[in-house]
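In our numbering, the protein residues as written are 1 to 394.
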């Protein structure tokens, strides 16, 4: 019997959803199908047409021989923010990604990033050299983005001799490097907490629209209401109404913590395991006394390669504040070092959300946490459950 050499060999709970196998299959028989939570997984739709060529398997960034060795020492660890207040306030943290966009666009490069879909039911990768389009890439999306034909488009742009900057999640950078590489390809990975699914995000938008009676025309999870912290979301409705909320207190913020992809609970690309030129994110442990802190946002930037060093040298000018970060503060971002644990109740939350909506799922989670934290008699628990339900939906 012929040895199986296709993507079915990758365990379900290890698949990171990069979609590269579906892109690379010469028979075009691999499609991405959603599981119960809304995360996409590859499925061979016609096994009779599978040539067992092994291409889908050989390019998988989760395959053990494709995972790179850990970087023992970064070239540098930096803190960063832009001086332009408007640009800083419109960025998730210190404006590093935004300044990278601007600098490379001025050099004629193409930028690859994530934007929300037009109907705000999910997110997707896009490539552009138009600044107005690239502006949509700003801000953390917290939802796993569709790739569609992004790998092919990047390869085509590179083949014409153009520079490309790709900003995405670590596993997606690795997938891109498995597909194509070039001296003109620059990669920047985000410190990743693990995205939630498009089903979670679309359920949240549907809940907002039902509650308000108006369509969502703009949404961001990283709105600087007063300053960088606390992290707030901004929703704009078609009737002109604007709503600002602390993100962690929203239904999406709660669901983001509990509904993640299975592979994210044991991520292969943590603690220096990377194929990216730069690693960037929030510098939460920035030290005010060392001059590292700006109340409107600070980015941490880990330089991993000579190409990453070249990018940072291009950014160093009078428009930015950049300095050497304290190593222990830089490593204090937990998501940089290790996977976040799976929280209890994930499957129950998904089941209730699909049946009754994200608000009901969050309410159920809240009640269970409250009742679990105290030892109440059974009848008292019933009374508390009714009371909490009344308060929640009032």
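No residue lacks a Cβ here, since even glycine has one placed at the ideal position from N, Cα and C.
Can you give me the C-alpha to C-alpha distance between residue 275 and residue 75, rounded to a whole angstrom? 14 Å
Own chain, CB closer than 6 Å to residue 113, minus 5 neighbours either side, in chain order: 137, 167
Taking the alpha carbon of residue 71 as the reference point, which residue from 283, 269, 185, 366 has its own alpha carbon closest? 269
Beta-carbon separation of residue 96 and residue 280 under 8 Å? yes
Tell me, which residues are paired with residue 76 by DSSP? 303
Coarse secondary structure for residue 5, derived from DSSP in three states: coil
Identified DSSP bridge partners for residue 342: None, per the DSSP bridge assignment.
Taking the beta carbon of residue 222 as the centre, do at least 16 other beta carbons fall within 10 Å, making it buried, or is it exposed? buried
Check whether the stretch 154-161 and the stretch 236-252 are in contact - that is, three or more C-beta pairs closer than 8 Å. no
Thinking residue 196 and residue 219 are a contact (beta carbons under 8 Å), I'd like their distance in whole angstroms, please. Residue 196 to residue 219, Cβ: 14 Å. No contact.
Quick one: is residue 142 buried, meaning 16 or more other Cβ sit within 10 Å of its Cβ, or exposed? buried
Take residue 193 and list the residues in its own chain whose beta-carbon comes closer than 7 Å to its own, dropping the five residues that flank it on each side. 335, 340
Bridge-paired residues (DSSP) for residue 188: 167, 278
Are the beta-carbon atoms belonging to residue 179 and residue 23 less than 8 Å from one another? yes
Check each candidate in 35, 81, 19 and name the one with the smallest Cα separation from residue 300. 81
Identify, in the order they occur along the chain, each residue of the same chain with its Cβ nearer than 7 Å to the Cβ of residue 350, setting aside the five sequence neighbours on each side. 36, 37, 259
Which value, in whole angstroms, describes the spacing of the CA atoms of residue 6 and residue 359? 40 Å
4 or more residues per run - each alpha helix (DSSP H) lying fully within the stretch 67-154: 85-89, 96-106, 131-134
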